[in-house]
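**Student:** Take a look at the following structure, please.
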Amino acid sequence: MKATNLPIQDRNPDERESLYQSLAMDMRKEDEAFSGQQERYSARTSSGDHRVPNNRVVWLRVLWPLLFHGVLTVTIAIFMLVYVNDRNFNISERKPTVQLHEGSLVPWEFYAPLQSDITTLLSISIAILRLVAAGWLGPLCWRCAFILMEKYGLRPQQLRRLISYNIVTIPRARATEGTRLTRWLIWVMLAITIPVQLSAPVLTGSITWLPAHHTPQRLSNLTIAIPTLNTGRFTTSRWFSRPENTNRLLRLAAGLTSLTWGRDTSTNTIRRYIPGLQLEVNSTITNTTLPYFSVKSIEWVNNPNATLSTEQLSADPAQPCRRLGIERKECEVRSPAGFLIPDPVVPYDPSSNLTDPKPLVISERRLMKKRIGSVNKGADGSPRCTYSNGTEVSIDNFRVDRPFFYGYTICYAYAWIDYVAGASACYDCLVSSHRIVQNNSVLHVKEDFATTTALRLAPVVTGLIEEQEIIDVIPTWHSLDEQVIGMLTRAYVVSWVALTDRLAWDNLYNTTYSVSAPASQASVNVSRVCIWLVLQSLVTLSGVLFIYVQSRTRTLIITDMTLAVFYLDTSAIYGRNDHGEEETLPPRRVRLEGDCLRLKIE
9 MKATNLPIQD RNPDERESLY QSLAMDMRKE DEAFSGQQER YSARTSSGDH
59 RVPNNRVVWL RVLWPLLFHG VLTVTIAIFM LVYVNDRNFN ISERKPTVQL
109 HEGSLVPWEF YAPLQSDITT LLSISIAILR LVAAGWLGPL CWRCAFILME
159 KYGLRPQQLR RLISYNIVTI PRARATEGTR LTRWLIWVML AITIPVQLSA
209 PVLTGSITWL PAHHTPQRLS NLTIAIPTLN TGRFTTSRWF SRPENTNRLL
259 RLAAGLTSLT WGRDTSTNTI RRYIPGLQLE VNSTITNTTL PYFSVKSIEW
309 VNNPNATLST EQLSADPAQP CRRLGIERKE CEVRSPAGFL IPDPVVPYDP
359 SSNLTDPKPL VISERRLMKK RIGSVNKGAD GSPRCTYSNG TEVSIDNFRV
409 DRPFFYGYTI CYAYAWIDYV AGASACYDCL VSSHRIVQNN SVLHVKEDFA
459 TTTALRLAPV VTGLIEEQEI IDVIPTWHSL DEQVIGMLTR AYVVSWVALT
509 DRLAWDNLYN TTYSVSAPAS QASVNVSRVC IWLVLQSLVT LSGVLFIYVQ
559 SRTRTLIITD MTLAVFYLDT SAIYGRNDHG EEETLPPRRV RLEGDCLRLK
609 IE
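Here is the structure:
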């Protein structure tokens with residue numbers, strides 16, 4: 009064996025001295041190298057680089073989920089408020105088929121997303137947003153845990169709550185000022201992220217789906233034939249030659265009221281019932297004629313006994329029937345609920361009055377007699393006016409405070425009505441319901457051949473309409489003025505329509521039309537979207553607070569938190585539970601074998 013391989017105690021003194029000197033020199037070199045590393049580390053830390061690294065790539069890798077979350081949040085909000093709100097979407101087909109007037113089906117002009125497509129896309133967007141938020145909030149808990157453990161330490165149960173539930177203990181007064189501020193900021197940072205995880209229903213519930221229709225499109229050159237009185241000679245006078253025919257026309261007009269308006273109390277549109285019309289709601293007819301009736305003013309008579317003549321106060325309810333050539337015994341209405349008092353009866357002459365009328369616009373001021381209730385005797389023998397249910401009509405329960413006049417059995421109110429009657433051309437007339445068209449813009453009155461005759465029919469039709477109250481098919485009016493305007497308008501309109509449909513059945517006007525497809529309109533609650541935006545902005549606020557807290561600690565920022573826990577030396581707490589008590593656990597180690605991490609139980 010060579011001498012150099014002998015144990016040190018077996019060597020001679022000179023060899024031992026030389027070996028000791030060589031070892032001392034090697035140790036001095038190692039000490040100098042270690043001292044140089046310490047100086048370089050101290051220089052880096054003293055410059056402040058440990059607080060906010062200048063490496064933008066590192067910060068970008070840390071903050072990219074936060075930035076992506078902000079961009080995605082703004083994109084979803086813009087999508088909801090700009091694209092979805094007040095837009096129509098299809099219901100069952102992305103390109104539906106629509107029915108034309110004659111019954112054929114044609115495809116719609118363009119594609120549109122379904123209502124279910126929008127809700128699905130919104131759900132997917134929210135799910136992606138939650139994944140992105142989790143990519144920031146999950147590592148945030150570990151980063152906060154490292155900062156807290158560096159500052160003053162965490163108990164095992166505190167660490168468990170922090171990682172599992174984003175909950176950290178509120179700072180205590182005995183902590184130093186700087187430590188307490190950092191802990192407060194971390195507590196706020198984690199607390200404000202809790203509502204974000206529960207904010208999805210705020211956005212998904214912001215959409216209300218309303219029934220709607222697409223803008224009408226002209227998909228065919230086919231036309232619709234509509235009866236029109238554009239000549240001075242009606243095709244037949246048999247409707248007025250005998251009372252039974254006239255009464256039939258009156259009942260037809262009264263029946264059109266419920267078909268056209270139902271219980272609707274609207275008074276700002278004119279409607280017309282067109283038999284045989286087979287168009288979808290919201291379709292439009294290029295050009296048609298509508299009746300025109302507008303009440304300009306209502307002036308109630310404050311003192312009927314003093315200001316009206318005996319003839320006006322005692323106007324015969326059967327007088328409107330006699331103007332149509334119908335005697336009292338054949339009149340459909342014995343006591344009209346309300347009517348415009350006509351001029352003295354003009355002898356009925358079919359040959360000059362109804363078969364050859366002139367086109368007119370009638371604008372006049374006429375007295376209206378309105379039935380209020382029945383006359384009964386009070387306890388003191390004085391007359392009192394009561395409704396049909398026995399309730400007394402008085403200032404307290406009368407729908408509008410209007411003076412009334414006592415007749416023999418009925419009490420009336422009187423008013424001067426200024427009105428204009430005629431017809432009007434309606435362009436792009438809207439189909440508002442089944443076989444009903446109405447004006448979609450302001451109407452302008454024009455002369456019409458049916459004006460005079462419709463006004464003759466209207467008082468009797470008014471009585472027939474109000475008799476329908478027994479079967480509860482007339483509207484519930486909000487005021488007496490509204491009732492007067494609504495009833496007078498409806499009586500004239502349906503009288504005009506009945507005349508036109510029956511007397512001009514062979515005089516048709518052809519017009520084109522545009523059809524509409526049913527849709528579902530999204531109405532977005534803007535306030536709920538704003539609340540959702542505020543909740544999502546809490547994630548951004550947590551990022552701002554984290555940057556500030558990170559700048560106040562010596563803990564270097566950890567870029568990738570996925571494997572960070574594997575690089576910690578946790579042997580000091582291995583085998584202990586949350587209370588620091590020892591537990592018997594099998595030794596487990598994570599080892600790197602090749603390029604894989606493997607768990608070994610030793």
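Per the working numbering, the very first residue in the sequence shown carries number 9; after that it's consecutive.
Where a beta carbon is used, it is the ideal one built from N, C-alpha and C, also for glycine.
(1) Nearest-angstrom Cα distance between Pro121 and Glu110?
(2) So, are the CB atoms of Pro224 and Asp436 less than 9 Å apart?
(3) Does DSSP put Leu507 in a helix, in a strand, or in coil?
(4) Check the DSSP bridge columns for Ala423 and list the partner residues they point to.
(5) If you compare alpha carbons, which of Lys103, Pro104, Thr297 is closest to Leu237?
(6) Roughly how many whole angstroms lie between the Cα atoms of Leu71 and Val289?
(7) Mind checking Tyr91: buried by the 16 CB within 10 Å criterion, or exposed?
(8) When you compare the CB positions of Ser291 and Leu438, do they come within less than 9 Å of one another, or not?
(9) Excluding sequence positions up to five away, which residues of its chain have a Cβ less than 8 Å from the Cβ of Leu148?
(10) Where DSSP assigns a beta bridge to Thr519, which residues make up the other side?
(11) Does chain D have any CB closer than 9 Å to the CB of Leu298?
(12) Going by the beta-carbon positions, is the gap between Val557 and Leu167 smaller than 9 Å?
(13) Could you pull out every residue in the same chain whose Cβ sits closer than 7 Å to the Cβ of Gln491, ignoring the five residues on either side in sequence?
(14) Within its chain, find whatever has a CB closer than 6 Å to the CB of His222; leave out the 5 residues flanking it on each side and keep chain order.
(15) For Ile278, does the three-state DSSP call read helix, strand or coil?
(16) Identify the residues that DSSP records as bridge partners of His221: which are they?
(17) Is the separation between the beta-carbon of Gln381 and that of Pro299 shorter than 9 Å?
(18) Assign Gly471 to one of two classes, buried (16 or more other C-beta atoms within 10 Å of its C-beta) or exposed (fewer than that).
(19) Give the single residue among Ser274, Ala261, Leu108, Leu546 whose Cα lies nearest to the Cα of Ile232.
(20) Since Leu113 is in the beta strand (DSSP E), which residue starts that stretch and which ends it?
(21) To the nearest whole angstrom, what separates the beta carbons of Val428 and Arg279, a pair I think is in contact under 8 Å?
(22) Quick one: is Ile132 buried, meaning 16 or more other Cβ sit within 10 Å of its Cβ, or exposed?
(23) Say whether the segment 269 to 283 touches the segment 97 to 104, bearing in mind that this needs 3 or more beta-carbon pairs closer than 8 Å, one atom from each stretch.
(24) Helix, strand or coil for Phe154 per DSSP?
(25) Excluding the 5 residues preceding and the 5 following Arg560 in the sequence, name in chain order all residues of the same chain whose CB lies nearer than 7 Å to its CB.
(26) Can you pull the DSSP bridge partners for Gly381?
(27) Sort Ala220, Arg464, Ser207 by Cα distance to Ser545 and report the nearest one.
(28) Please list, in chain order, all residues of the same chain as Val469 whose beta carbon is under 7 Å from its beta carbon, the five residues on each side excluded.
(29) For the beta strand (DSSP E) containing Ile555, name the first residue and the last one.
(30) Kindly indicate which three-state DSSP category Ile609 falls into: helix, strand or coil?
(31) Mapping the DSSP letters down to three states, classify Lys159 as helix, strand or coil.
(32) How many angstroms separate the CA atom of Leu516 from the CA atom of Ala506?
(33) Give me the Cα-Cα distance between Leu156 and Ile171, rounded to the nearest whole angstrom.
**Tutor:** Quick answer:
(1) 28 Å
(2) yes
(3) helix
(4) Trp308, Met376
(5) Thr297
(6) 53 Å
(7) exposed
(8) yes
(9) Met197, Leu198, Thr201, Ser550, Phe554
(10) Ile232
(11) You won't find chain D in this structure, because it holds only one protein chain.
(12) no
(13) Trp485
(14) Asn96, Ser524, Ala525, Ala527
(15) coil
(16) Pro526
(17) A small correction: the amino acid at residue 381 is Gly; Gln does not occupy that position in the sequence shown. For Gly381 and Pro299, no; Cβs fall outside 9 Å.
(18) buried
(19) Leu108
(20) 113 to 115
(21) Contact flag wrong, Cβ pair sits at about 18 Å.
(22) exposed
(23) no
(24) helix
(25) Thr190
(26) Cys419
(27) Ser207
(28) Leu258, Ala261, Ala262, Ala499, Val502, Ser503
(29) Premise fails: Ile555 lies in the alpha helix (DSSP H), 534 to 559, not in any beta strand (DSSP E).
(30) strand
(31) helix
(32) 15 Å
(33) 12 Å
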